[in-house]
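Keeping their order, the protein sequence lines are chains A and B. Here the first sequence is numbered in our numbering, starting from 182 and rising by one per residue. Here the second sequence is numbered in our numbering, starting from 618 and rising by one per residue. Positions of the beta carbon are idealized from the N, C-alpha and C atoms, including for glycine. Step one of this worksheet: look at the structure below.
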Amino acid sequence: MDYLLTEEQQMLQDLARQIAHERIKPIRAQLDEEEIFPWDVLADLAQADLCGTVIPEAYGGLELGCLENCLVLEALAEGCVGVATTYAASFLGAYPLLLYGTDAQKHRYLPPLARGEALAAFALTEPQAGSDAGAIQATAVKDGDFYVLNGAKQWITNAGEAEFYTVIALTDRSKGVRGASALMVEKNDPGISFGKKEKKMGIRASVTREVILEDCRIPADRLLGKPGLGFIITMKTLDLARPGAGALAVGLAQSAMDEAAAFAKERHQFGAPIFSFQAVQHLLANMATQIEAARALVYAVARHIDSKPKDYSKQGAMAKLFATDMAMQVTVDAVQVMGGHGYMREYPVEKMMRDAKILQIFEGTNQIMRNIIGLALNKEYSKKK
Amino acid sequence: MLRIVVCIKQVPETQEVRLDPVTHTLKREGIAAIINPFDLYALEEGLRVKDAHGGTVTLLTMGPPQAEAALREALGFGADAAVLLSDQAFAGADTWATALTLARAIKKLGGADLIFCGKQAIDGDTAQVGPMLATILTMPYVAWARKLTWSEDGNLTVERLLDHGYDAVETSLPALVTVVKEINDPRVPSFKAKLKAKKEAIPVWGLADLNLSAREVGLSGSFTQVVKVFPPPARGTPEIWTGAPEELAARLWRRLKEQSQAQL
Ligand SMILES: Cc1cc2nc3c(=O)[nH]c(=O)nc-3n(C[C@H](O)[C@H](O)[C@H](O)COP(=O)(O)OP(=O)(O)OC[C@H]3O[C@@H](n4cnc5c(N)ncnc54)[C@H](O)[C@@H]3O)c2cc1C
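Put into structure tokens, the structure is as follows:
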């Protein structure tokens, strides 16, 4: 379908797709099987200038918008969601800086990210604070010109590999959520260490580790925005990132669809290609329709965000919710279309089905997405009367 | 500042090449065109030399006006400039006429310190243009390069891939090197370079620009002419055996024994 992309947007997506097909696809099974962190692919993405898509030109990036970011993520996810998550999580770590960083902070962190020499990570979740992010306990206590951080951040994508960590911690415990702040912690700071690599169901090319902060002492100018803005920064960051999760889902689902449809053309049963059976066609028809609907929604929301509205929590949540639920269903159906072959690790849809699941969980579970949408609707309909 | 020139050729993507019944040269209409795969390795090597030692990488191709697309694509990998050699008179050129045309263009560029070509083009498969180009420019050439190393005096040591191993050849510059795929792993294009390539003005040089006469180029400047093109005769009828490895080995052994006895 023609989404009226500009020539530049088309070029960007073609380039990302070229990398997905030439550099990621041939090795994705190995990355998954052996849980290899995709440094080689990240080097390709850096060479292609794709590490700086949403970073302003002043800091070495391409200064593109949410739609362009989604186009790249969708294309990369056609290759491997594990690799694409690694890449996307770095932007998640960078959004707080982009949104609230001072010029000096941006100069310190953004150029190496744009050049692809460093990765970033976003550290919010804690053992006791998952969906309930307000329950975080990590602290950052002011000590002269320093903050001293203590606490443990759980399941942090890119932890241990990234150079920079945006950590959400309480600078004022008495204020609860309003006492949370966002601070930039560097891999070489004293007092930061990392837990073991988690063993995951899917996206096994990406790494997830605990970030442990023990009397981690950082200069006070690492604080983003103002003390107490941590929660707002978190929400704005996630709002901005969620269409990206939707884009990952669209790319993944498209890739599963392509595999299943190609297989259905080749596989013969009862003397005919299984594609010719209406039951199979209906599965494929539903898959194709759902993918297109999700893509249209993700692009529309991304364009909405690029028009710089004041608030877009609801739309971001919708894009993430619809597209990631879609990807789960489509990948399950892709395995179904392929039958036993689909269940075998020799074929890629098995991995795709495992990879799809995380998209419904991270960056806010899909239940939380419905809560966000519900909250927004409640507000809208209270106003209208 | 090394002046590096990379010669590339646009070739038809398909394996089923169609031939012009009169000239016996390749028919390109209606077939998707790509950069000759070996040339991408030549380009990568040129870019690597530039990255390591500084200099400029200029792309050169002779071809129809559409060959400009190959140059723009190649610019997307980060080459500095590109020139298209295109003229009705260049059509039907054999390897000599092509090399002569390229040589004149390199002279017009002001010369080159290092010229890279792919080991051969996948359409004609002659592997002649690189060596001929070096010969016309009276510079040494090394074909089938799989590795370059620089000595302290600025000479180049080139490992050449041979059928049974490799040898190493040292050459001074200027020189021409044709490369095999083993030499490197070509980079991916860069978005910034692609954007720049889209707008880049690519000069087109014709007969007059190169100070050549129509006699010297194209079909009329060619020493060779293709008189006939035919697929090589099939070598016997292949047999495909299936079965357990032991069984197949025994069967093969019997067959070889029979054949060697028949020959005695
Ligand atoms: C692979 C992976 C990578 C991750 N990467 C990062 C990262 O980089 N940075 C980071 O900070 N975090 C990261 N996370 C954490 C992730 O964001 C959380 O797992 C997620 O927010 C859900 O929290 P939880 O797992 O604790 O689930 P819980 O909050 O315990 O939820 C369990 C279940 O209860 C439901 N539930 C909870 N509360 C409600 C409610 N109010 N209404 C309805 N249903 C509810 C949930 O939807 C879910 O189904 C990652 C997690 C994983 C698995």
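Next item on the list: Could you give the DSSP three-state label for I753 of chain B: helix, strand or coil?
Entry: Residue mapping note: residue 753 of chain B aligns to position 136 of the second sequence, counting from 1. In the structure shown, I753 of chain B sits in a helix (DSSP, three-state: H, G or I).
Check: Is F218 of chain A near ligand 1, with its Cβ less than 8 Å from a heavy atom?
Finding: Numbered from its first residue, the first sequence carries residue 218 of chain A at position 37. Outside the cutoff, so no.
Notebook entry, point to check: Are there three or more Cβ pairs, one per stretch, closer than 8 Å when the segment 715 to 732 of chain B is compared with the segment 827 to 838 of chain B?
Noted result: yes
Next item on the list: Answer yes or no: do W336 of chain A and T389 of chain A have a C-beta to C-beta separation smaller than 9 Å?
Entry: Walking along the first sequence from the start, residue 336 of chain A turns up at place 155. Walking along the first sequence from the start, residue 389 of chain A turns up at place 208. A contact, by the Cβ cut-off of 9 Å.
Note to self: Please tell me whether A229 of chain A has its Cβ less than 9 Å away from any Cβ of chain B.
What the structure shows: Here residue 229 of chain A is taken as the residue at index 48 of the first sequence, counted from 1. It does: the Cβ of A229 of chain A has a partner Cβ on chain B nearer than 9 Å.
Check: Which two residues bound the contiguous alpha helix (DSSP H) that contains M533 of chain A?
Finding: Residue numbering aside, residue 533 of chain A sits at position 352 when the first sequence is read from its first letter. V530 to L540 is the extent of the alpha helix (DSSP H) around M533 of chain A.
Check: Looking at E344 of chain A and ligand 1, is the gap between the Cβ and the nearest heavy atom below 8 Å?
Finding: The residue you call residue 344 of chain A lines up with position 163 of the first sequence. No - ligand 1 has no heavy atom lying nearer than 8 Å to the Cβ of E344 of chain A.
Check: Since N331 of chain A sits in a beta bridge, which residues does DSSP pair it with?
Finding: What you label residue 331 of chain A is simply residue 150 of the first sequence in a count that begins at 1. According to DSSP, N331 of chain A bridges with A:T320.
Checklist line | Chain-ordered chain A contacts of R620 of chain B [CB-CB under 7 Å] | finding: Along the second sequence, read from residue 1 onward, the residue named residue 620 of chain B stands at position 3. None at all; the shortest Cβ gap to chain A is about 24 Å.
Check: N250 of chain A: buried (16+ other C-beta within 10 angstroms of its C-beta) or exposed?
Finding: Walking along the first sequence from the start, residue 250 of chain A turns up at place 69. Answer is buried; the Cβ neighbour count reaches 16.
Notebook entry, point to check: Once you ignore the five residues that flank T673 of chain B on each side, which residues in its own chain have a CB closer than 8 Å to its CB?
Noted result: Taking the first residue of the second sequence as position 1, residue 673 of chain B is located at position 56. Cβ neighbours of T673 of chain B beyond the five flanking positions: M618, L619, R620, I621, K667, D697 and A698.
Notebook entry, point to check: Do I393 of chain A and A333 of chain A have their CB atoms nearer than 9 Å?
Noted result: Along the first sequence, read from residue 1 onward, the residue named residue 393 of chain A stands at position 212. Along the first sequence, read from residue 1 onward, the residue named residue 333 of chain A stands at position 152. A contact, by the Cβ cut-off of 9 Å.
Item checked: Exposure of Q737 of chain B, with buried meaning 16 or more beta-carbon neighbours within 10 Å -> Counting from one through the second sequence, the residue named residue 737 of chain B turns up at place 120. Its Cβ being crowded by 16 or more others within 10 Å, Q737 of chain B is buried.
Next item on the list: In the DSSP assignment, find the alpha helix (DSSP H) that holds I349 of chain A and state where it starts and stops.
Entry: Taking the first residue of the first sequence as position 1, residue 349 of chain A is located at position 168. Taken as a continuous stretch (DSSP letters only), I349 of chain A belongs to no alpha helix (DSSP H), being part of the beta strand (DSSP E) at F345 to L351.
Margin query: Out of A:V461, A:K287 and A:P371, which one is the CA nearest neighbour of Y328 of chain A?
Written below: Translated into the one-based positions of the first sequence, residue 328 of chain A becomes position 147. Cα-wise, what sits closest to Y328 of chain A is A:P371.
Item checked: Opposing strand residues paired with P454 of chain A [DSSP bridges] -> In the first sequence, the residue the question calls residue 454 of chain A occupies position 273. According to DSSP, P454 of chain A bridges with A:H449.
Next item on the list: In angstroms with no decimal places, state the Cα-to-Cα distance between Y528 of chain A and D704 of chain B.
Entry: Position 347 of the first sequence holds residue 528 of chain A. Position 87 of the second sequence holds residue 704 of chain B. Near 50 Å, if we compare the C-alpha coordinates of D704 of chain B and Y528 of chain A.
Check: Quick one, are the C-beta atoms of R296 of chain A and A227 of chain A less than 9 Å apart?
Finding: As a working mapping, residue 296 of chain A is identified with position 115 in the first sequence. As a working mapping, residue 227 of chain A is identified with position 46 in the first sequence. Yes, the Cβ-Cβ distance between R296 of chain A and A227 of chain A is below 9 Å.
Next item on the list: Would you check if there are 3 or more beta carbon pairs closer than 8 Å linking the segment 278 to 289 of chain A to the segment 441 to 449 of chain A?
Entry: no
Item checked: Contact set for V846 of chain B: own chain, Cβ-Cβ below 6 Å, skip 5 residues either direction -> For this step, residue 846 of chain B is matched to residue 229 along the second sequence. L636 and H641.
Notebook entry, point to check: Expressed to the nearest angstrom, what Euclidean distance is found between the alpha-carbon atoms of S839 of chain B and A831 of chain B?
Noted result: Within the second sequence, residue 839 of chain B is the residue found at index 222, counting from 1. Within the second sequence, residue 831 of chain B is the residue found at index 214, counting from 1. Between S839 of chain B and A831 of chain B, the C-alpha separation is close to 11 Å.
Next item on the list: Output yes or no for whether 9 Å exceeds the beta carbon distance between L796 of chain B and C734 of chain B.
Entry: Taking the second sequence and counting its residues from 1, one reaches residue 796 of chain B at position 179. Taking the second sequence and counting its residues from 1, one reaches residue 734 of chain B at position 117. What sits at residue 796 of chain B in the sequence shown is Val, not Leu. Going by C-beta atoms, V796 of chain B is nearer than 9 Å to C734 of chain B.
Check: If you draw a straight line from the C-alpha of M550 of chain A to the C-alpha of Q510 of chain A, how long is it?
Finding: Along the first sequence, one-based indexing puts residue 550 of chain A at 369. Along the first sequence, one-based indexing puts residue 510 of chain A at 329. Cα to Cα, the separation comes out at about 17 Å.
Next item on the list: Check whether the Cβ atoms of C247 of chain A and I486 of chain A sit closer than 9 Å, and answer yes or no.
Entry: By 1-based counting over the first sequence, the position of residue 247 of chain A is 66. By 1-based counting over the first sequence, the position of residue 486 of chain A is 305. Cβ distance < 9 Å, so C247 of chain A and I486 of chain A count as in contact.
Note to self: Could you check if G335 of chain A belongs to the surroundings of ligand 1, using beta carbon to heavy atom distance under 8 Å?
What the structure shows: Locating residue 335 of chain A in the first sequence gives position 154, counting from the first residue. As written in the sequence, residue 335 of chain A is Gln, which differs from the Gly given in the question. Yes, Cβ of Q335 of chain A sits closer than 8 Å to a heavy atom of ligand 1.
Check: On the premise that G409 of chain A lies in contact with D353 of chain A, defined as a C-beta separation below 8 Å, what is that separation, rounded to the nearest angstrom?
Finding: By one-based count along the first sequence, residue 353 of chain A stands at place 172. By one-based count along the first sequence, residue 409 of chain A stands at place 228. So it is a contact: roughly 7 Å between Cβ atoms.
Notebook entry, point to check: At least one CB of chain B closer than 9 Å to the CB of Q199 of chain A: is that the case?
Noted result: Here residue 199 of chain A corresponds to residue number 18 of the first sequence, with the count starting at 1. Taking Cβ atoms only, chain B reaches closer than 9 Å to Q199 of chain A, which makes this a yes.
Check: Is the shortest distance between the beta-carbon of R296 of chain A and the beta-carbons of chain B less than 9 Å?
Finding: The residue you call residue 296 of chain A lines up with position 115 of the first sequence. With 9 Å as the cut-off, R296 of chain A does not count as an interface residue toward chain B.
Check: What does R209 of chain A reach in chain B if we use C-beta pairs closer than 7 Å?
Finding: The residue given as residue 209 of chain A occupies position 28 in the first sequence. Neighbours of R209 of chain A on chain B: none; closest Cβ ~16 Å, over 7 Å.
Item checked: Three-state secondary structure assigned by DSSP to Q627 of chain B -> By 1-based counting over the second sequence, the position of residue 627 of chain B is 10. Reduced to three states, the DSSP call for Q627 of chain B is strand.
Next item on the list: Give the secondary structure of E307 of chain A by DSSP, where H, G and I count as helix, E and B as strand, and everything else as coil.
Entry: Counting from 1 along the first sequence, the entry for residue 307 of chain A is found at position 126. Note: E307 of chain A maps to strand in three-state DSSP.
Checklist line | Any non-hydrogen atom of ligand 1 closer than 8 Å to K381 of chain A Cβ | finding: The residue given as residue 381 of chain A occupies position 200 in the first sequence. Yes, since a heavy atom of ligand 1 falls inside the 8 Å radius drawn around the Cβ of K381 of chain A.
Next item on the list: Determine, using beta carbons only, whether L196 of chain A and A224 of chain A come nearer to each other than 9 Å.
Entry: Within the first sequence, residue 196 of chain A is the residue found at index 15, counting from 1. Within the first sequence, residue 224 of chain A is the residue found at index 43, counting from 1. Contact flag unset, no.
Item checked: Cβ-based burial, P277 of chain A [other Cβ within 10 Å; buried from 16] -> For this step, residue 277 of chain A is matched to residue 96 along the first sequence. It counts as buried.
Notebook entry, point to check: When the cut-off is 9 Å and only beta carbons count, does P806 of chain B lie next to chain A?
Noted result: Position 189 of the second sequence, counting from 1, holds the residue named residue 806 of chain B. It does; some Cβ of chain A falls within 9 Å.
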